[in-house]
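Only one structure is covered here, and it is reproduced in the block below.
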Amino acid sequence: MAALVPLLCSFANAQGSKGFDVPEWIGAHVADQAELLAGLIGLPRTPFVDLKYTGPEETTGLRTVHGRAEPERFSITLAGAWEDQHADARRQLTRNVAHETAHVFQYSLGEPNEARMLHEGFAEAMAVEALLSCAESCAGDGHGLEAKLRRQCGDALRMGILASQDSAERNYGCGGVLTLEGARAADLPVTELYRLFAAEGRDELALMRVLEKKAGKGFAISAKAFLYGDYRLAKPSAVYERLRAGQL
Ligand SMILES: [Zn+2]
Numbered sequence: 081m082a083a084l085v086p087l088l089c090s091f092a093n094a095q096g097s098k099g100f101d102v103p104e105w106i107g108a109h110v111a112d113q114a115e116l117l118a119g120l121i122g123l124p125r126t127p128f129v130d131l132k133y134t135g136p137e138e139t140t141g142l143r144t145v146h147g148r149a150e151p152e153r154f155s156i157t158l159a160g161a162w163e164d165q166h167a168d169a170r171r172q173l174t175r176n177v178a179h180e181t182a183h184v185f186q187y188s189l190g191e192p193n194e195a196r197m198l199h200e201g202f203a204e205a206m207a208v209e210a211l212l213s214c215a216e217s218c219a220g221d222g223h224g225l226e227a228k229l230r231r232q233c234g235d236a237l238r239m240g241i242l243a244s245q246d247s248a249e250r251n252y253g254c255g256g257v258l259t260l261e262g263a264r265a266a267d268l269p270v271t272e273l274y275r276l277f278a279a280e281g282r283d284e285l286a287l288m289r290v291l292e293k294k295a296g297k298g299f300a301i302s303a304k305a306f307l308y309g310d311y312r313l314a315k316p317s318a319v320y321e322r323l324r325a326g327q328l
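Residues 81 to 328 in the working numbering are what the sequence shown spells out, letter by letter.
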């Protein structure tokens, strides 16, 4: 693994009198998890992280996290109930750090101009893979994130043909399922599948070429069927099983 430089965190507050300090546990948690995840995802340096907290909202218990990545850095904006360090708050934050770190990796290979489903899907798949491999050292629960993607994608499959929708469920859920299964069928890390995809031109045809070469013709045909078939009446788990087997 490449040497990692210490993470630089800035704790910018929202402007003026409305500013809130980032809850203390968050800075340390993000710094720790970002360094670990950057190493697992294969970045030469831990990204610079810009943290912001817009304060507790009036609705009690509501907690949101918003990320935005750029080359070599990302920002995380938190709102709502983040003062207390709960396991689910840690998990939500870690998953976000993993997802944004994956976007930084995408930037490290050039402009990530792929379609949204592949951009977000690959980032989710890289997050799952990194969280699975750091297991207890990360608070992100990779198995839980993968199950969430499968549920989200199930909702998208029930909505209709994936190629003719632009839902978050399709982009994150099915994009994640497709690229994760593709990497497994190719016996490659998701990061490596993305590297090949980026070198081939970052569009759907590029993905299909890489899948055919690395995961086989059956899987590539199934991947296409996954995008263009109508599975509204099918059981999502059966669709994933057939995709995995290259028999969709
Ligand atoms: Zn994203």
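The beta carbon of each residue, even a glycine, is placed where N, CA and C say it ideally should be.
- No heavy atom of ligand 1 is found nearer than 7 Å to the CB of residue 209.
- Judged by their CB atoms, residue 326 and residue 298 are nearer to each other than the 8 Å cut-off.
- Non-local C-beta neighbours of residue 307 in its own chain, meaning closer than 6 Å and more than five positions away in sequence, comprise 242, 243, ordered along the chain.
- Apart from the 5 residues on each side of it in sequence, residue 300 sits with its Cβ closer than 6 Å to the Cβ of 288, 291, 292 in its chain, given in chain order.
- Ligand 1 has no heavy atom closer than 7 Å to the beta-carbon of residue 205.
- For residue 179, the CB falls within less than 7 Å of some heavy atom of ligand 1.
- Rounded to whole angstroms, the gap between the alpha carbons of residue 228 and residue 201 is 13 Å.
- Annotated as distal: residue 280 and residue 323, with beta-carbon spacing of 8 Å or more.
- If you look at residue 159, you'll find it in the beta strand (DSSP E) that goes 153–160.
- The alpha-carbon of residue 233 is positioned some 31 Å away from that of residue 164.
- By DSSP's assignment, residue 149 forms a beta bridge with 154.
- Excluding the 5 residues flanking it on each side, residue 245 has same chain C-beta neighbours closer than 8 Å at 236, 239, in chain order.
- Of the candidates 183, 144, 189, 144 places its Cα closest to the Cα of residue 172.
- Within 10 angstroms of the beta-carbon of residue 193 lie fewer than 16 other beta-carbons, which makes it exposed.
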